[in-house]
Structure formats: C-alpha cells, structure tokens
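Engineer: Numbering (my numbering), first residue to last: 1 to 114.
(1) Between the Cα of residue 44 and those of 94, 106, 114, 15, spot the shortest distance and give me the residue it belongs to.
(2) From the DSSP output, in three-state form, read off residue 44 for me.
(3) Counting only beta-carbon atoms, is residue 23 nearer than 9 Å to chain B?
(4) Under 7 Å Cβ to Cβ from residue 99, same chain only, skipping five residues before and after it: list those, please.
(5) By the 10 Å Cβ neighbour count, where 16 or more other Cβ atoms means buried, how is residue 88 classified, buried or exposed?
(6) Return helix, strand or coil for residue 63, following the three-state DSSP convention.
(7) Write down the C-beta distance between residue 4 and residue 103 rounded to the nearest angstrom, noting that I regard them as a contact closer than 8 Å.
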C-alpha cells in the first residue's frame, strides 16, 4: 500500500522559511519521480517542484524559482521542499506526489502571514 506522509507545514511570517518533508512507503521510492504540488483556496492545484528518480535537474514553478529547493534522499525514502523568503501568495495546502500510480499525500497547510 502506497503511503506519502507530509510534515513541516505551519504558520510563518513573510520572508521566513519552512522545510517540508514527505516520507514514502509501499513502493520502490528511488525508481520514481517525486513532486510537490499546492492548492490555495479557490484555485487549481499547481505543480510547485519536481525531481527525477536519479536526482536529476529539478523543475520549478516560475514564481518559486530561486526561493524553493526540492531534494530527495533515496535511503530515507524522503523528498524535501526547502522554502525560503516565503510570500503571502505561497499560502496553500502542499501535497506530495509520486508518479507511482499517481499517488498523493494528505497535504500539509502552509500559511504565510504577518
């Protein structure tokens, strides 16, 4: 059974940082691309960052380039999203995703507010 469990969301002031973690189980983690998506209230879910199975070049949403960094640890079966210089518009529920059967985590709330 595939499980993706996200950690690390919370409330942070503009300009602050958070690191999200997603621990995966139930499949061969190292074989699959991993991604972070987000969905803000009233908006479509959007791809924030993605990283290949072999830790190849990551892809980022234009609005987070230079601020967010995706990485993975294939020993710990974990993918991370380091988010720096957070902005109010980054407020959303963040979801972990794998292209193994298109599985999703339950999401973690990130709120950026003063």
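Don't be surprised by glycine CBs; every beta carbon is placed ideally from N, CA and C. Computed from a prediction, not measured in an experiment: that's the story for all the values here.
Structural biologist: Judging by the given coordinates:
(1) Looking at the Cα atoms, 94 is the closest of the given residues.
(2) Three-state DSSP puts residue 44 in coil, outside helix and strand.
(3) The structure shown contains no chain B; it is built from a single protein chain.
(4) Taking residue 99 as the centre and dropping the five residues before and after it, the same chain places the C-beta of 32, 33 closer than 7 Å to its C-beta, in chain order.
(5) Flag for residue 88 reads exposed.
(6) It is helical.
(7) Going by Cβ atoms, the distance from residue 4 to residue 103 rounds to 6 Å, so yes, they are a contact pair.
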